[in-house]
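In the numbering used here, the protein residues as written are 36 to 567.
Yeah, the Cβ is synthetic: ideal placement off N, Cα and C, and Gly gets one too.
None of these values were measured; they are calculated from a predicted model.
Notes for the one structure printed next.
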(Lines of atoms letter the chains of each structure in order from A and count residues from 1; the text may use other names and numbers.)
(Lines give C-alpha, C1' and ligand atoms only; values in the text may rest on other atoms or scores of the structure.)
Protein backbone atom coordinates (compact mmCIF):
# COMPACT_ATOMS: atom_id res chain seq x y z
CA UNK A 1 0.00 0.00 0.00
CA UNK A 2 1.44 3.38 -1.03
CA UNK A 3 1.89 6.25 1.36
CA UNK A 4 -1.01 8.17 -0.16
CA UNK A 5 -3.43 5.26 -0.30
CA UNK A 6 -6.70 5.61 1.58
CA UNK A 7 -7.26 3.22 4.46
CA UNK A 8 -10.63 1.49 4.42
CA UNK A 9 -11.99 1.20 7.95
CA UNK A 10 -12.76 -2.28 9.23
CA UNK A 11 -16.52 -2.63 9.52
CA UNK A 12 -16.87 -6.00 11.20
CA UNK A 13 -18.08 -4.38 14.41
CA UNK A 14 -21.00 -2.84 12.52
CA UNK A 15 -22.13 -6.13 11.02
CA UNK A 16 -24.04 -7.93 13.80
CA UNK A 17 -24.67 -11.03 11.67
CA UNK A 18 -21.08 -11.96 10.81
CA UNK A 19 -19.75 -13.89 13.82
CA UNK A 20 -16.54 -14.92 12.01
CA UNK A 21 -15.58 -11.29 11.35
CA UNK A 22 -16.29 -10.38 14.98
CA UNK A 23 -14.04 -13.22 16.19
CA UNK A 24 -11.32 -12.24 13.73
CA UNK A 25 -11.52 -8.62 14.78
CA UNK A 26 -11.27 -9.57 18.43
CA UNK A 27 -8.11 -11.59 17.73
CA UNK A 28 -6.54 -8.58 15.98
CA UNK A 29 -7.37 -6.24 18.88
CA UNK A 30 -10.07 -4.09 17.28
CA UNK A 31 -12.01 -4.01 20.56
CA UNK A 32 -9.24 -3.09 22.97
CA UNK A 33 -10.26 0.53 23.65
CA UNK A 34 -11.40 -0.27 27.20
CA UNK A 35 -11.56 -3.23 29.56
CA UNK A 36 -15.23 -4.04 28.97
CA UNK A 37 -15.37 -3.91 25.17
CA UNK A 38 -14.01 -7.42 24.56
CA UNK A 39 -16.34 -8.90 27.18
CA UNK A 40 -19.39 -7.15 25.70
CA UNK A 41 -18.50 -8.36 22.21
CA UNK A 42 -18.00 -11.91 23.47
CA UNK A 43 -21.34 -11.89 25.26
CA UNK A 44 -23.02 -10.51 22.14
CA UNK A 45 -21.58 -13.41 20.14
CA UNK A 46 -22.72 -15.88 22.80
CA UNK A 47 -26.25 -14.45 22.77
CA UNK A 48 -26.52 -14.80 19.00
CA UNK A 49 -25.21 -18.37 19.13
CA UNK A 50 -27.58 -19.23 21.95
CA UNK A 51 -30.63 -17.94 20.10
CA UNK A 52 -29.88 -19.87 16.89
CA UNK A 53 -32.46 -22.50 16.01
CA UNK A 54 -29.81 -25.23 15.79
CA UNK A 55 -28.52 -24.53 19.30
CA UNK A 56 -29.77 -26.99 21.91
CA UNK A 57 -29.46 -27.43 25.66
CA UNK A 58 -28.64 -30.95 26.76
CA UNK A 59 -28.73 -32.45 30.21
CA UNK A 60 -25.12 -33.33 31.02
CA UNK A 61 -25.15 -33.94 34.77
CA UNK A 62 -27.46 -34.95 37.62
CA UNK A 63 -26.82 -35.06 41.35
CA UNK A 64 -28.90 -36.06 44.38
CA UNK A 65 -28.24 -35.10 47.99
CA UNK A 66 -29.83 -35.24 51.43
CA UNK A 67 -28.63 -31.69 52.22
CA UNK A 68 -29.58 -28.43 50.46
CA UNK A 69 -27.95 -27.66 47.10
CA UNK A 70 -27.11 -24.05 46.21
CA UNK A 71 -25.64 -22.35 43.15
CA UNK A 72 -23.58 -19.18 42.71
CA UNK A 73 -21.59 -17.96 39.68
CA UNK A 74 -20.67 -21.26 38.09
CA UNK A 75 -20.29 -23.17 41.37
CA UNK A 76 -22.67 -25.74 42.86
CA UNK A 77 -22.44 -26.26 46.62
CA UNK A 78 -23.33 -29.43 48.53
CA UNK A 79 -23.14 -30.55 52.17
CA UNK A 80 -23.79 -27.06 53.55
CA UNK A 81 -21.11 -25.48 51.33
CA UNK A 82 -18.44 -28.08 52.22
CA UNK A 83 -18.35 -29.56 48.71
CA UNK A 84 -17.98 -27.30 45.65
CA UNK A 85 -18.59 -28.45 42.06
CA UNK A 86 -17.73 -26.33 39.01
CA UNK A 87 -20.49 -26.23 36.37
CA UNK A 88 -18.38 -24.35 33.82
CA UNK A 89 -16.41 -27.27 32.37
CA UNK A 90 -17.82 -29.63 29.72
CA UNK A 91 -18.55 -32.04 32.54
CA UNK A 92 -19.10 -30.60 36.06
CA UNK A 93 -16.21 -31.51 38.33
CA UNK A 94 -15.47 -31.27 42.04
CA UNK A 95 -13.29 -28.26 42.88
CA UNK A 96 -12.85 -29.16 46.54
CA UNK A 97 -14.40 -31.18 49.33
CA UNK A 98 -13.80 -30.38 52.99
CA UNK A 99 -13.46 -33.19 55.53
CA UNK A 100 -16.53 -34.14 57.61
CA UNK A 101 -17.29 -31.97 60.63
CA UNK A 102 -19.49 -32.05 63.71
CA UNK A 103 -22.93 -30.46 63.75
CA UNK A 104 -21.60 -27.59 65.88
CA UNK A 105 -19.08 -26.71 63.14
CA UNK A 106 -21.44 -26.81 60.15
CA UNK A 107 -21.75 -23.85 57.80
CA UNK A 108 -25.00 -21.95 58.29
CA UNK A 109 -24.88 -19.45 55.41
CA UNK A 110 -22.50 -18.10 52.76
CA UNK A 111 -21.90 -15.23 50.32
CA UNK A 112 -19.61 -15.19 47.28
CA UNK A 113 -17.08 -12.33 47.37
CA UNK A 114 -15.61 -11.05 44.12
CA UNK A 115 -12.70 -8.68 43.67
CA UNK A 116 -13.68 -5.03 43.04
CA UNK A 117 -12.44 -3.53 39.78
CA UNK A 118 -9.84 -0.80 39.75
CA UNK A 119 -8.90 -0.97 43.42
CA UNK A 120 -5.56 -1.74 45.08
CA UNK A 121 -5.99 -4.37 47.80
CA UNK A 122 -3.56 -5.11 50.67
CA UNK A 123 -3.27 -8.86 50.11
CA UNK A 124 -2.87 -11.01 46.99
CA UNK A 125 -5.60 -13.34 48.28
CA UNK A 126 -8.05 -10.41 48.16
CA UNK A 127 -7.90 -10.43 44.36
CA UNK A 128 -9.19 -14.00 44.14
CA UNK A 129 -12.86 -14.94 44.32
CA UNK A 130 -13.66 -16.14 47.83
CA UNK A 131 -16.56 -17.39 49.90
CA UNK A 132 -17.63 -15.77 53.17
CA UNK A 133 -19.16 -18.49 55.36
CA UNK A 134 -20.79 -18.38 58.78
CA UNK A 135 -20.38 -21.41 61.04
CA UNK A 136 -22.62 -22.65 63.82
CA UNK A 137 -19.96 -21.65 66.37
CA UNK A 138 -20.13 -17.95 65.39
CA UNK A 139 -17.02 -17.96 63.20
CA UNK A 140 -16.99 -15.85 60.04
CA UNK A 141 -14.53 -17.45 57.61
CA UNK A 142 -13.28 -16.34 54.21
CA UNK A 143 -12.48 -19.36 52.03
CA UNK A 144 -10.82 -19.63 48.65
CA UNK A 145 -13.62 -20.26 46.14
CA UNK A 146 -11.42 -22.69 44.18
CA UNK A 147 -9.70 -24.70 46.92
CA UNK A 148 -11.70 -24.18 50.14
CA UNK A 149 -8.57 -22.97 51.93
CA UNK A 150 -9.24 -20.69 54.92
CA UNK A 151 -7.94 -17.19 54.10
CA UNK A 152 -9.35 -15.27 57.11
CA UNK A 153 -11.01 -16.11 60.44
CA UNK A 154 -13.14 -13.76 62.54
CA UNK A 155 -14.78 -14.75 65.80
CA UNK A 156 -18.08 -12.90 66.14
CA UNK A 157 -19.42 -13.47 69.65
CA UNK A 158 -19.77 -15.89 72.55
CA UNK A 159 -22.76 -17.94 73.59
CA UNK A 160 -24.92 -14.93 74.40
CA UNK A 161 -26.12 -14.81 70.77
CA UNK A 162 -26.33 -17.13 67.77
CA UNK A 163 -25.45 -15.68 64.35
CA UNK A 164 -27.04 -17.51 61.41
CA UNK A 165 -27.68 -15.26 58.38
CA UNK A 166 -25.44 -13.48 55.85
CA UNK A 167 -26.87 -10.80 53.56
CA UNK A 168 -25.71 -7.88 51.45
CA UNK A 169 -26.37 -4.30 52.41
CA UNK A 170 -24.64 -3.15 49.21
CA UNK A 171 -23.61 -6.09 46.95
CA UNK A 172 -19.86 -6.75 47.07
CA UNK A 173 -19.36 -3.73 49.35
CA UNK A 174 -21.17 -4.01 52.70
CA UNK A 175 -22.08 -7.35 54.33
CA UNK A 176 -24.45 -7.89 57.26
CA UNK A 177 -24.37 -10.83 59.69
CA UNK A 178 -27.64 -11.31 61.56
CA UNK A 179 -28.41 -13.39 64.64
CA UNK A 180 -31.49 -15.50 65.25
CA UNK A 181 -34.13 -13.91 67.46
CA UNK A 182 -33.04 -14.04 71.09
CA UNK A 183 -35.39 -16.21 73.17
CA UNK A 184 -35.24 -17.22 76.80
CA UNK A 185 -35.36 -20.83 77.88
CA UNK A 186 -38.41 -22.11 79.74
CA UNK A 187 -36.42 -22.21 82.98
CA UNK A 188 -35.33 -18.59 82.55
CA UNK A 189 -38.88 -17.46 81.91
CA UNK A 190 -40.11 -19.30 84.99
CA UNK A 191 -37.39 -17.57 87.00
CA UNK A 192 -38.78 -14.20 85.87
CA UNK A 193 -35.77 -13.19 83.79
CA UNK A 194 -36.59 -10.52 81.20
CA UNK A 195 -35.20 -10.62 77.63
CA UNK A 196 -35.02 -7.17 76.04
CA UNK A 197 -32.48 -7.70 73.21
CA UNK A 198 -34.14 -9.34 70.18
CA UNK A 199 -31.46 -9.33 67.43
CA UNK A 200 -27.78 -8.57 66.88
CA UNK A 201 -26.43 -7.21 63.57
CA UNK A 202 -22.72 -7.12 62.70
CA UNK A 203 -21.77 -5.00 59.66
CA UNK A 204 -18.57 -5.43 57.60
CA UNK A 205 -16.96 -3.80 54.62
CA UNK A 206 -15.59 -6.51 52.32
CA UNK A 207 -12.33 -6.92 50.39
CA UNK A 208 -10.44 -6.07 52.39
CA UNK A 209 -12.66 -7.32 55.20
CA UNK A 210 -13.07 -4.62 57.86
CA UNK A 211 -15.41 -4.18 60.83
CA UNK A 212 -17.88 -1.29 60.70
CA UNK A 213 -19.87 -1.99 63.85
CA UNK A 214 -22.30 -4.21 65.74
CA UNK A 215 -25.67 -3.13 67.08
CA UNK A 216 -28.52 -4.69 68.99
CA UNK A 217 -32.25 -4.36 68.38
CA UNK A 218 -33.79 -3.83 71.78
CA UNK A 219 -37.55 -3.96 72.33
CA UNK A 220 -37.21 -1.22 74.96
CA UNK A 221 -36.25 1.09 72.09
CA UNK A 222 -38.12 -0.33 69.10
CA UNK A 223 -41.17 -1.85 70.83
CA UNK A 224 -42.43 -5.27 71.90
CA UNK A 225 -43.95 -6.32 68.56
CA UNK A 226 -40.71 -6.39 66.51
CA UNK A 227 -40.84 -9.49 64.30
CA UNK A 228 -37.75 -9.18 62.09
CA UNK A 229 -34.97 -6.79 61.10
CA UNK A 230 -32.64 -6.25 58.15
CA UNK A 231 -30.18 -3.76 56.68
CA UNK A 232 -30.43 -3.11 52.94
CA UNK A 233 -29.16 -0.27 50.77
CA UNK A 234 -28.10 1.72 53.83
CA UNK A 235 -31.53 1.41 55.47
CA UNK A 236 -32.27 -0.29 58.78
CA UNK A 237 -35.62 -2.02 58.25
CA UNK A 238 -37.65 -3.01 61.32
CA UNK A 239 -40.73 -5.17 60.76
CA UNK A 240 -43.54 -5.56 63.27
CA UNK A 241 -46.11 -8.31 63.80
CA UNK A 242 -48.94 -5.79 63.33
CA UNK A 243 -47.93 -5.26 59.68
CA UNK A 244 -45.95 -2.06 60.30
CA UNK A 245 -42.52 -1.46 58.78
CA UNK A 246 -40.19 1.32 59.95
CA UNK A 247 -37.18 2.52 57.94
CA UNK A 248 -34.14 4.27 59.43
CA UNK A 249 -30.89 5.56 57.97
CA UNK A 250 -28.15 3.20 59.14
CA UNK A 251 -25.50 5.86 58.53
CA UNK A 252 -27.35 8.33 60.75
CA UNK A 253 -27.69 5.68 63.47
CA UNK A 254 -23.97 4.89 63.25
CA UNK A 255 -23.01 8.55 63.53
CA UNK A 256 -25.34 9.17 66.45
CA UNK A 257 -24.81 6.02 68.53
CA UNK A 258 -21.29 4.79 67.66
CA UNK A 259 -19.42 4.60 70.97
CA UNK A 260 -15.98 3.71 69.60
CA UNK A 261 -14.42 2.54 66.30
CA UNK A 262 -12.55 -0.77 66.30
CA UNK A 263 -10.24 -2.40 63.76
CA UNK A 264 -10.02 -6.15 63.29
CA UNK A 265 -6.95 -7.56 65.00
CA UNK A 266 -6.41 -4.56 67.29
CA UNK A 267 -6.33 -4.78 71.07
CA UNK A 268 -9.36 -3.36 72.84
CA UNK A 269 -10.80 -2.90 76.30
CA UNK A 270 -14.53 -3.41 76.60
CA UNK A 271 -16.73 -3.92 79.66
CA UNK A 272 -13.64 -4.42 81.85
CA UNK A 273 -12.27 -7.07 79.48
CA UNK A 274 -9.17 -6.85 77.33
CA UNK A 275 -8.87 -8.78 74.09
CA UNK A 276 -8.27 -8.72 70.33
CA UNK A 277 -11.09 -7.61 67.99
CA UNK A 278 -12.37 -10.62 66.05
CA UNK A 279 -10.31 -13.17 68.00
CA UNK A 280 -11.51 -15.93 70.31
CA UNK A 281 -12.86 -15.69 72.97
CA UNK A 282 -13.65 -11.94 72.87
CA UNK A 283 -15.15 -11.60 69.41
CA UNK A 284 -16.64 -8.24 68.41
CA UNK A 285 -17.78 -5.43 70.69
CA UNK A 286 -21.33 -4.14 70.37
CA UNK A 287 -20.12 -0.61 69.69
CA UNK A 288 -23.33 0.89 68.23
CA UNK A 289 -25.53 1.27 71.31
CA UNK A 290 -28.97 2.70 70.44
CA UNK A 291 -30.19 4.36 73.62
CA UNK A 292 -33.23 6.20 72.27
CA UNK A 293 -35.50 6.35 69.28
CA UNK A 294 -33.35 7.22 66.22
CA UNK A 295 -33.58 10.56 64.44
CA UNK A 296 -37.08 11.66 63.37
CA UNK A 297 -35.98 11.24 59.75
CA UNK A 298 -37.57 7.78 59.85
CA UNK A 299 -40.17 6.57 57.39
CA UNK A 300 -42.87 4.05 58.06
CA UNK A 301 -45.61 2.34 56.09
CA UNK A 302 -48.10 -0.44 56.55
CA UNK A 303 -47.75 -3.40 54.21
CA UNK A 304 -48.48 -7.09 53.84
CA UNK A 305 -45.40 -9.00 55.05
CA UNK A 306 -45.90 -11.81 52.54
CA UNK A 307 -45.84 -9.37 49.64
CA UNK A 308 -43.20 -6.94 50.84
CA UNK A 309 -39.94 -6.39 49.01
CA UNK A 310 -37.35 -4.32 50.85
CA UNK A 311 -36.31 -2.45 47.72
CA UNK A 312 -39.79 -1.31 46.63
CA UNK A 313 -42.05 1.55 47.49
CA UNK A 314 -44.91 -0.69 46.37
CA UNK A 315 -47.82 -2.05 48.35
CA UNK A 316 -49.57 -5.24 47.23
CA UNK A 317 -52.87 -5.93 48.93
CA UNK A 318 -54.37 -8.47 46.62
CA UNK A 319 -55.99 -8.12 44.17
CA UNK A 320 -54.84 -4.53 43.71
CA UNK A 321 -51.32 -3.09 43.47
CA UNK A 322 -50.97 0.61 44.13
CA UNK A 323 -48.02 2.63 42.82
CA UNK A 324 -47.72 6.32 43.64
CA UNK A 325 -48.26 7.50 40.05
CA UNK A 326 -51.06 7.98 37.51
CA UNK A 327 -52.60 4.61 36.58
CA UNK A 328 -50.82 3.33 39.66
CA UNK A 329 -53.51 0.82 40.64
CA UNK A 330 -52.61 -2.46 38.91
CA UNK A 331 -55.14 -5.30 39.00
CA UNK A 332 -54.04 -8.62 37.51
CA UNK A 333 -57.71 -9.71 37.54
CA UNK A 334 -56.77 -13.29 38.24
CA UNK A 335 -58.50 -15.93 40.31
CA UNK A 336 -55.80 -18.21 41.72
CA UNK A 337 -54.61 -19.94 44.85
CA UNK A 338 -51.15 -18.35 44.64
CA UNK A 339 -50.91 -14.53 44.74
CA UNK A 340 -49.39 -12.54 41.90
CA UNK A 341 -46.10 -10.83 42.71
CA UNK A 342 -44.38 -7.62 41.70
CA UNK A 343 -40.90 -6.10 41.94
CA UNK A 344 -38.60 -3.62 40.28
CA UNK A 345 -36.82 -5.03 37.24
CA UNK A 346 -33.32 -6.19 38.31
CA UNK A 347 -31.74 -4.58 35.20
CA UNK A 348 -31.94 -1.19 37.03
CA UNK A 349 -33.98 0.26 34.16
CA UNK A 350 -36.62 1.46 36.61
CA UNK A 351 -39.23 -0.80 35.03
CA UNK A 352 -41.59 -2.96 37.08
CA UNK A 353 -42.36 -6.66 36.58
CA UNK A 354 -45.84 -7.86 37.54
CA UNK A 355 -46.27 -11.63 37.33
CA UNK A 356 -49.54 -13.53 37.41
CA UNK A 357 -50.30 -17.20 36.75
CA UNK A 358 -50.75 -16.73 32.98
CA UNK A 359 -49.61 -13.15 32.35
CA UNK A 360 -46.37 -11.18 32.81
CA UNK A 361 -46.58 -7.41 32.56
CA UNK A 362 -43.45 -5.31 32.24
CA UNK A 363 -44.42 -1.77 33.25
CA UNK A 364 -42.53 1.49 33.03
CA UNK A 365 -42.95 4.99 34.37
CA UNK A 366 -43.41 7.73 31.83
CA UNK A 367 -43.61 11.49 32.24
CA UNK A 368 -47.02 12.90 31.49
CA UNK A 369 -47.06 15.30 28.56
CA UNK A 370 -47.04 18.97 29.58
CA UNK A 371 -46.45 17.91 33.19
CA UNK A 372 -42.87 16.86 33.95
CA UNK A 373 -43.58 16.71 37.68
CA UNK A 374 -45.99 13.79 37.36
CA UNK A 375 -45.52 10.29 36.01
CA UNK A 376 -47.86 7.58 34.82
CA UNK A 377 -47.58 3.80 34.63
CA UNK A 378 -47.73 2.33 31.11
CA UNK A 379 -47.20 -1.18 29.76
CA UNK A 380 -43.86 -1.77 28.09
CA UNK A 381 -44.71 -5.29 26.92
CA UNK A 382 -46.75 -8.34 27.95
CA UNK A 383 -45.90 -12.06 27.93
CA UNK A 384 -48.90 -14.41 27.76
CA UNK A 385 -48.91 -18.12 28.67
CA UNK A 386 -49.50 -20.57 25.82
CA UNK A 387 -52.96 -21.82 26.68
CA UNK A 388 -55.86 -23.27 24.77
CA UNK A 389 -58.90 -21.04 24.50
CA UNK A 390 -61.19 -22.84 26.91
CA UNK A 391 -64.59 -21.25 27.52
CA UNK A 392 -65.15 -21.54 31.24
CA UNK A 393 -68.95 -21.71 31.25
CA UNK A 394 -70.57 -22.18 34.63
CA UNK A 395 -73.61 -23.84 32.96
CA UNK A 396 -73.37 -26.68 30.41
CA UNK A 397 -75.99 -28.79 28.66
CA UNK A 398 -75.47 -32.53 28.17
CA UNK A 399 -76.44 -34.46 25.01
CA UNK A 400 -79.69 -35.53 26.66
CA UNK A 401 -80.59 -31.92 27.34
CA UNK A 402 -79.88 -31.96 31.05
CA UNK A 403 -78.55 -28.66 32.45
CA UNK A 404 -75.45 -29.04 34.64
CA UNK A 405 -74.15 -26.19 36.78
CA UNK A 406 -70.52 -26.16 37.82
CA UNK A 407 -69.94 -25.59 41.53
CA UNK A 408 -66.47 -24.12 40.98
CA UNK A 409 -64.90 -22.06 38.20
CA UNK A 410 -61.52 -23.00 36.72
CA UNK A 411 -58.70 -21.20 38.50
CA UNK A 412 -56.18 -19.14 36.53
CA UNK A 413 -53.37 -21.21 38.06
CA UNK A 414 -55.06 -24.54 37.32
CA UNK A 415 -52.17 -27.04 37.08
CA UNK A 416 -53.46 -28.50 33.80
CA UNK A 417 -52.89 -25.14 32.09
CA UNK A 418 -49.50 -23.59 31.39
CA UNK A 419 -48.61 -21.44 34.40
CA UNK A 420 -45.68 -19.09 35.06
CA UNK A 421 -43.65 -20.12 38.10
CA UNK A 422 -40.25 -18.35 37.96
CA UNK A 423 -39.11 -15.12 36.27
CA UNK A 424 -35.45 -14.02 36.26
CA UNK A 425 -33.11 -11.75 34.33
CA UNK A 426 -29.76 -12.88 32.86
CA UNK A 427 -27.89 -9.59 33.09
CA UNK A 428 -24.85 -10.52 30.97
CA UNK A 429 -26.93 -11.65 27.97
CA UNK A 430 -29.82 -9.27 28.74
CA UNK A 431 -32.43 -12.01 28.46
CA UNK A 432 -35.60 -12.47 30.51
CA UNK A 433 -35.97 -16.12 31.55
CA UNK A 434 -39.43 -17.49 32.32
CA UNK A 435 -40.25 -20.97 33.66
CA UNK A 436 -43.68 -22.24 32.56
CA UNK A 437 -45.17 -25.45 33.99
CA UNK A 438 -48.04 -27.73 32.96
CA UNK A 439 -49.10 -30.56 35.29
CA UNK A 440 -51.14 -33.33 33.66
CA UNK A 441 -51.65 -36.43 35.78
CA UNK A 442 -48.83 -37.40 38.16
CA UNK A 443 -46.08 -35.94 35.95
CA UNK A 444 -45.69 -32.27 35.18
CA UNK A 445 -43.67 -30.79 32.34
CA UNK A 446 -41.79 -27.50 32.36
CA UNK A 447 -39.74 -25.41 29.97
CA UNK A 448 -37.57 -22.30 30.17
CA UNK A 449 -38.47 -19.51 27.76
CA UNK A 450 -35.85 -16.89 26.92
CA UNK A 451 -37.30 -13.51 25.94
CA UNK A 452 -35.70 -10.34 24.65
CA UNK A 453 -35.47 -8.11 27.71
CA UNK A 454 -36.08 -4.96 25.69
CA UNK A 455 -39.18 -5.99 23.72
CA UNK A 456 -40.35 -9.29 25.27
CA UNK A 457 -39.99 -11.29 22.03
CA UNK A 458 -39.62 -15.06 22.57
CA UNK A 459 -36.16 -16.09 21.33
CA UNK A 460 -35.60 -19.61 22.66
CA UNK A 461 -37.35 -22.43 24.51
CA UNK A 462 -35.40 -24.95 26.61
CA UNK A 463 -37.47 -28.01 27.68
CA UNK A 464 -36.67 -29.72 30.98
CA UNK A 465 -36.36 -33.47 30.53
CA UNK A 466 -37.14 -34.35 34.15
CA UNK A 467 -40.71 -34.25 35.40
CA UNK A 468 -41.84 -31.21 37.40
CA UNK A 469 -44.11 -31.62 40.40
CA UNK A 470 -45.69 -28.27 41.30
CA UNK A 471 -45.98 -29.32 44.96
CA UNK A 472 -42.16 -29.45 45.29
CA UNK A 473 -39.84 -26.48 45.78
CA UNK A 474 -37.92 -25.53 42.61
CA UNK A 475 -35.13 -23.13 41.69
CA UNK A 476 -33.89 -22.46 38.15
CA UNK A 477 -30.66 -20.62 37.25
CA UNK A 478 -29.84 -19.49 33.71
CA UNK A 479 -26.19 -18.41 33.61
CA UNK A 480 -24.68 -17.70 30.18
CA UNK A 481 -24.58 -21.12 28.48
CA UNK A 482 -25.72 -23.20 31.50
CA UNK A 483 -29.19 -23.92 32.89
CA UNK A 484 -29.54 -25.47 36.36
CA UNK A 485 -32.66 -26.88 37.94
CA UNK A 486 -32.56 -27.54 41.70
CA UNK A 487 -35.50 -29.43 43.18
CA UNK A 488 -36.44 -30.28 46.76
CA UNK A 489 -38.48 -33.45 47.13
CA UNK A 490 -40.16 -34.81 50.28
CA UNK A 491 -37.99 -36.20 53.07
CA UNK A 492 -35.29 -33.63 52.29
CA UNK A 493 -34.14 -35.16 49.02
CA UNK A 494 -32.49 -32.53 46.82
CA UNK A 495 -31.74 -32.96 43.12
CA UNK A 496 -29.68 -30.84 40.74
CA UNK A 497 -29.94 -31.08 36.94
CA UNK A 498 -27.40 -29.31 34.72
CA UNK A 499 -28.02 -28.42 31.07
CA UNK A 500 -25.31 -27.02 28.80
CA UNK A 501 -25.53 -25.29 25.44
CA UNK A 502 -24.52 -27.41 22.44
CA UNK A 503 -24.05 -25.90 18.97
CA UNK A 504 -24.03 -28.79 16.51
CA UNK A 505 -26.32 -30.71 14.21
CA UNK A 506 -25.83 -34.06 15.90
CA UNK A 507 -28.72 -36.45 15.39
CA UNK A 508 -30.74 -37.07 18.54
CA UNK A 509 -30.55 -40.84 18.02
CA UNK A 510 -26.76 -40.58 17.84
CA UNK A 511 -26.78 -38.47 21.00
CA UNK A 512 -28.89 -41.06 22.87
CA UNK A 513 -26.44 -43.78 21.89
CA UNK A 514 -23.56 -41.52 22.93
CA UNK A 515 -25.09 -40.97 26.36
CA UNK A 516 -25.49 -44.71 26.94
CA UNK A 517 -21.84 -45.27 26.13
CA UNK A 518 -20.60 -42.40 28.28
CA UNK A 519 -22.89 -42.68 31.30
CA UNK A 520 -21.01 -43.07 34.53
CA UNK A 521 -22.47 -43.13 38.02
CA UNK A 522 -20.49 -42.66 41.19
CA UNK A 523 -21.33 -42.11 44.84
CA UNK A 524 -19.37 -39.80 47.14
CA UNK A 525 -20.18 -38.63 50.64
CA UNK A 526 -23.86 -39.57 50.50
CA UNK A 527 -24.37 -37.88 47.10
CA UNK A 528 -24.97 -39.62 43.80
CA UNK A 529 -23.47 -38.00 40.70
CA UNK A 530 -24.52 -39.04 37.22
CA UNK A 531 -22.39 -37.98 34.27
CA UNK A 532 -23.83 -38.15 30.78
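Here residue 479 is buried, its C-beta having at least 16 other C-beta atoms within 10 Å. Contact annotation: residue 517 and residue 122 have beta-carbon atoms nearer than 8 Å. If the five residues before and after residue 108 are omitted, its C-beta is found closer than 7 Å to the C-beta atoms of 147, all from its own chain and listed in chain order. Closest in alpha carbon position to residue 514, among 304, 81 and 309, is 81. Rounded to whole angstroms, the gap between the alpha carbons of residue 139 and residue 286 is 34 Å.
Between residue 323 and residue 292, the gap from beta carbon to beta carbon is short of 8 Å.
A residue is called buried once 16 or more other Cβ atoms fall within 10 Å of its Cβ, and residue 110 is buried on that count. Residue 285: not part of any beta strand (DSSP E); member of the alpha helix (DSSP H) spanning 285-292, first to last residue. By the criterion of a C-beta distance shorter than 7 Å, residue 495 is surrounded in its chain by 85, 86 and 485, once the five residues flanking it on both sides are discounted. Counting of Cβ neighbours within 10 angstroms places residue 308 among the exposed residues, the total staying below 16.
Residue 238 sits in a strand when the DSSP states are folded into three classes. By the neighbour-count definition (other C-beta atoms within 10 Å, threshold 16), residue 128 is an exposed residue. In the same chain as residue 457, and ignoring 5 residues on each side of it, the C-beta atoms closer than 6 Å to its own belong to 470 and 511, in chain order.
Residue burial is scored here from C-beta neighbours: residue 498 has fewer than 16 other C-beta atoms within 10 angstroms and is therefore classed as exposed. Only residues of its own chain outside the window of five on either side were considered, and among them 450, 472, 474 and 479 have a CB closer than 7 Å to the CB of residue 505, listed in chain order. Looking only at 246, 232, 267 and 238, the smallest Cα-Cα distance to residue 261 is reached by 232.
Taking residue 269 as reference, the option from 527, 288, 131 and 397 with the minimal CA-CA separation is 288. Annotation for residue 149: 164 and 207 place their beta carbon closer than 7 Å to its own, counting only its chain and skipping 5 residues before and after.
One thing to note: residue 521 has its Cβ within 8 Å of the Cβ of residue 104. Look at residue 200 here: in three-state DSSP terms it is strand.
Separation of the CB atoms of residue 320 and residue 193 is rounded to 12 Å, and the pair is thereby denied contact status at 8 Å. By the C-beta density criterion, residue 527 is exposed, having fewer than 16 other C-beta atoms within 10 angstroms.
In the DSSP annotation of this structure, the continuous segment of the beta strand (DSSP E) that includes residue 261 starts and ends at 261-267.
For residue 453, the CB contacts under 6 Å within the same chain, skipping 5 residues up- and downstream, are 420, 421, 422, 471 and 473 in chain order. For the set 531, 177, 377 and 117, the Cα lying nearest the Cα of residue 394 is the one of 377. Cβ neighbours of residue 481 within its own chain (closer than 7 Å, five residues either side excluded): 470, 471, 472, 499 and 503. Within 10 angstroms of the beta-carbon of residue 117 lie 16 or more other beta-carbons, which makes it buried. Annotation: the continuous beta strand (DSSP E) that includes residue 379 extends over 376-379. Residue 241 and residue 205 have their alpha carbons spaced roughly 10 Å apart.
Burial check for residue 413: the Cβ neighbour count within 10 Å stays below 16, so the residue is exposed. Between residue 455 and residue 392, the gap from beta carbon to beta carbon is short of 8 Å. Of the residues assessed, residue 531 falls on the buried side of the cut-off, its CB having 16 or more other CB atoms within 10 angstroms. Around the Cβ of residue 218, a 10 Å sphere holds fewer than 16 other Cβ atoms; the residue is exposed. For the set 190, 523 and 468, the Cα lying nearest the Cα of residue 102 is the one of 523. Residue 461 counts as buried, since no fewer than 16 other beta carbons sit within 10 angstroms of its beta carbon.
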